[in-house]
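Numbering (this note's numbering), first residue to last: 9 to 564. Just so it is clear, CB atoms sit at the ideal spot from N, CA and C, and this is done for glycine as well. Down below is the structure, laid out as structure tokens.
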Amino acid sequence: MTKENSASKVVQNDPYNVDVAIIGAGPAGLTAAYLLSKKGYSVTVIEKDEHYVGGISRTVEYEGFRFDIGGHRFFSKSKEVVDLWNEILPDDFIQRPRMSRIYYEGKFYSYPLRAFEALWNLGIFRSTLCMISYVKARIFPNKNIKSFEDWTVNQFGHKLYSIFFKTYTEKVWGMPCDEMSSDWAAQRIKGLSLWSAVVDGLKRSLGLNKKPNDGMETKTLLETFRYPRLGPGMMWDAARDFVLAKGNTVLMGHGLKQLAQDTQGNWRMSASKADGSETIITAKHVVSSAPMRELSARIHPLPASSFQSDKLRYRDFLTVALMIKSEDLFPDNWIYIHDSKVQVGRVQNFRSWSPEMVPDKNIACVGLEYFCFENDGLWSSSDEDLITLAKKEMAILGLCDPQDVVGGSVVRQEKAYPVYDDDYAANVEEMRSELEEKYPNLHMVGRNGMHRYNNQDHAMMTSMLTVENIEAGERIYNIWNVNEDAEYHESGDEGDQAKITSEILREADKIIAQGANKNKDLNINIGQLTPDQIEALKSIRDVPKHISKGDDSKAA
Numbered sequence: 009m010t011k012e013n014s015a016s017k018v019v020q021n022d023p024y025n026v027d028v029a030i031i032g033a034g035p036a037g038l039t040a041a042y043l044l045s046k047k048g049y050s051v052t053v054i055e056k057d058e059h060y061v062g063g064i065s066r067t068v069e070y071e072g073f074r075f076d077i078g079g080h081r082f083f084s085k086s087k088e089v090v091d092l093w094n095e096i097l098p099d100d101f102i103q104r105p106r107m108s109r110i111y112y113e114g115k116f117y118s119y120p121l122r123a124f125e126a127l128w129n130l131g132i133f134r135s136t137l138c139m140i141s142y143v144k145a146r147i148f149p150n151k152n153i154k155s156f157e158d159w160t161v162n163q164f165g166h167k168l169y170s171i172f173f174k175t176y177t178e179k180v181w182g183m184p185c186d187e188m189s190s191d192w193a194a195q196r197i198k199g200l201s202l203w204s205a206v207v208d209g210l211k212r213s214l215g216l217n218k219k220p221n222d223g224m225e226t227k228t229l230l231e232t233f234r235y236p237r238l239g240p241g242m243m244w245d246a247a248r249d250f251v252l253a254k255g256n257t258v259l260m261g262h263g264l265k266q267l268a269q270d271t272q273g274n275w276r277m278s279a280s281k282a283d284g285s286e287t288i289i290t291a292k293h294v295v296s297s298a299p300m301r302e303l304s305a306r307i308h309p310l311p312a313s314s315f316q317s318d319k320l321r322y323r324d325f326l327t328v329a330l331m332i333k334s335e336d337l338f339p340d341n342w343i344y345i346h347d348s349k350v351q352v353g354r355v356q357n358f359r360s361w362s363p364e365m366v367p368d369k370n371i372a373c374v375g376l377e378y379f380c381f382e383n384d385g386l387w388s389s390s391d392e393d394l395i396t397l398a399k400k401e402m403a404i405l406g407l408c409d410p411q412d413v414v415g416g417s418v419v420r421q422e423k424a425y426p427v428y429d430d431d432y433a434a435n436v437e438e439m440r441s442e443l444e445e446k447y448p449n450l451h452m453v454g455r456n457g458m459h460r461y462n463n464q465d466h467a468m469m470t471s472m473l474t475v476e477n478i479e480a481g482e483r484i485y486n487i488w489n490v491n492e493d494a495e496y497h498e499s500g501d502e503g504d505q506a507k508i509t510s511e512i513l514r515e516a517d518k519i520i521a522q523g524a525n526k527n528k529d530l531n532i533n534i535g536q537l538t539p540d541q542i543e544a545l546k547s548i549r550d551v552p553k554h555i556s557k558g559d560d561s562k563a564a
């Protein structure tokens, strides 16, 4: 048989009786499917969307224009994640400049800030009040931190919090900042400090930043990023195609209906289509990226923790894409809208993500992002009304003349963000504890699958480690140690974190426990490590801990 004939021959696995059934074809689900297919497992993936894979990282196409749902930069400190991106999509990444600004009270602020510009826009009086408020918060901090507001005011002072955090955050989450858990603030903005931002801003304003800003401690300060030339969906289309080429199956338009075990501990999964038809899949393992609340409601018999899982909440999201007669409206990748006069939270400029996303050089394409709850007024509005709203708000912001809009499209994304309210952590732990104890062959992964605000690379990492657990036949990795806040402590180049190994973990533990400069017996040369590299070694996300035999699977 010739090489060409051999390559074209695909042995189709039985899609209804497989080693692993996977719920959801987003980054977590398709990462698991890709790696399991590569290792020779039979796999079937069910995906509720009838057309697109990729979940919130999909790319939607409308009349040749492509929309990224939420904006997804491809950057990770994990070498394994970067290597997998390059493996799945070896020839289609482009390097893009990052530019973003904040819109506040009719003025634009560079983000990261430029000190003199910020002072000019705010005015001397307000800038002075911001600094006094910041100093007060540092000298007299709130020692009883419970909410997002408490945490952020402690870090930046009440004045800066009210200007640059409160309005936007309440738009995103649809709840007052004093009702949000401080966990979210600690996760998402922990790496940012006012002092480092001011110093960096002064350097920028004075032209003293001589090297690219990809060595900063915080991801939000990176100045360039990689991006698939046709959007992030290009990555997940390629992953799906690989799964199919290995003889496995991706069932589109199939949602989870019921999940139950037989007497041998194998899974019987029922998936239904919009027309009511039903498909039954049996599997030894199930990997779920479905929302935890949804998964719990579909398991038979109903878990005891279903009362807690039913309390988990989600924030939904929609993008209104507008096509506008203009070569380019603004240079930014996106603009954060910190203004209560409009409902839009962020405006994406798709040509700045990739020129190939916009087929006509005389037409600009932007995406106005609205945060909402499923079935509320925004979510339930007609596409026509939403496009009208978007045109009106673009005019209010001074970004375009509504008469120049020549087309529009609406994309809705349910359960885009897991909500961090006061009780979420206890509710998640209750469900996790029960399901892991009762069902060792049920694996929850990804953002909604774990009710954690994971980014794309974190979601992938949970699946990468889950595949290793399936192959080992036990939970050798505790994927709940994939730490979502590690991304906000990054420094250095993409993927420079060493490969995950237990040997590196042991060395990191020695560094932590004994002090980096005092260790004479380490296998690595501590003297050659920078403080940033030591911090990278300590990152739980990038170096997940093996679970020792006999330990509780939830141990850190």
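Determine which residues share a DSSP beta bridge with residue i and list them.
i, result
"PHE101", "PRO236"
"TYR111", "PHE116 and ILE345"
"TRP275", "GLN269 and ALA291"
"SER360", "Answer by DSSP bridge pairing: none, since SER360 is not bridged."
"ARG420", "LEU326"
Taking the alpha carbon of residue i as the reference point, which residue from the options has its own alpha carbon closest?
i, options, result
"ILE332", "ASN162, LEU407, ILE171 and MET139", "LEU407"
"LEU260", "GLN266, LEU252 and MET469", "Correcting the residue type first, residue 260 is Met in the shown sequence and not Leu. Looking at the Cα atoms, LEU252 is the closest of the given residues."
"SER441", "GLU88, GLY182, ASN486 and ASN162", "ASN486"
"PHE172", "ASP347, ASP368 and ASN383", "ASP347"
"GLN316", "VAL53, VAL51, GLU476 and ASN435", "ASN435"
"PHE233", "PHE82, MET468, GLU437 and ASN383", "PHE82"
"GLU426", "THR396, GLY416 and GLY457", "According to the sequence shown, residue 426 is Pro rather than Glu. The residue with the shortest Cα to Cα distance from PRO426 is GLY457."
"ALA433", "ILE64, TRP488, ASN152 and ASP391", "TRP488"
"ILE110", "LEU405, PHE379 and GLU437", "LEU405"
"VAL295", "ASN477, ASN94 and ILE64", "ASN477"
"TYR49", "HIS59, ASP158, ILE31 and VAL26", "VAL26"
"ASN370", "GLU69, ALA282 and LEU337", "LEU337"
"ASP22", "ARG455, TYR428, GLU302 and ALA291", "ALA291"
"ASP429", "VAL61, ALA298 and LEU320", "LEU320"
"LYS115", "PHE148, TYR322, LEU127 and ASN150", "LEU127"
"GLN269", "MET139, LYS446 and SER190", "LYS446"
"LEU303", "VAL350, GLY263 and GLN272", "GLY263"
Is residue i helix, strand or coil by DSSP?
i, result
"TYR428", "coil"
"GLU231", "coil"
"ALA282", "coil"
"VAL475", "helix"
"GLY261", "coil"
"ILE171", "helix"
"SER499", "Low per-residue confidence applies at SER499: pLDDT is 33, beneath 50, and the placement is therefore not dependable enough to give any value."
"SER190", "helix"
"GLY415", "strand"
"ARG146", "helix"
"TYR176", "helix"
"PRO367", "coil"
"GLN464", "helix"
"VAL350", "coil"
"VAL436", "helix"
"LEU337", "coil"
"LYS446", "helix"
"ASN152", "coil"
"ASN456", "helix"
First and last residue of the alpha helix (DSSP H) that includes residue i?
i, result
"PHE250", "241-253"
"MET183", "MET183 -> no alpha helix (DSSP H), and no H or E assigned at all."
"LEU394", "391-404"
"SER388", "385-388"
"VAL161", "156-164"
Following the continuous beta strand (DSSP E) through residue i, name the residue where it begins and the one where it ends.
i, result
"PHE379", "371-380"
"ARG323", "322-333"
"GLN356", "354-357"
"MET452", "450-452"
Cβ of residue i versus every heavy atom of the ligand ZN: is any distance shorter than 7 Å?
i, result
"ARG106", "In terms of ligand content, the structure shown is empty, and the ligand ZN therefore cannot be addressed."
**Contained beta strand (DSSP E) runs [length at least 3] in the stretch 19-97, N- to C-terminal order** = The stretch 19-97 contains these whole beta strand (DSSP E) runs: 25-31, 51-55, 67-70 and 73-76.
**Asked** If you scan the stretch 115-139 from start to end, which runs of the alpha helix (DSSP H) of 4 or more residues do you find wholly inside it?
**Response** Segments of the alpha helix (DSSP H) lying fully in the stretch 115-139: 123-130.
**Asked** Residue ranges of each alpha helix (DSSP H) run of no fewer than 4 residues wholly in the stretch 286-319, ordered along the chain?
**Response** For the stretch 286-319, whole alpha helix (DSSP H) runs of length 4 or above, ordered along the chain, are 300-306 and 314-317.
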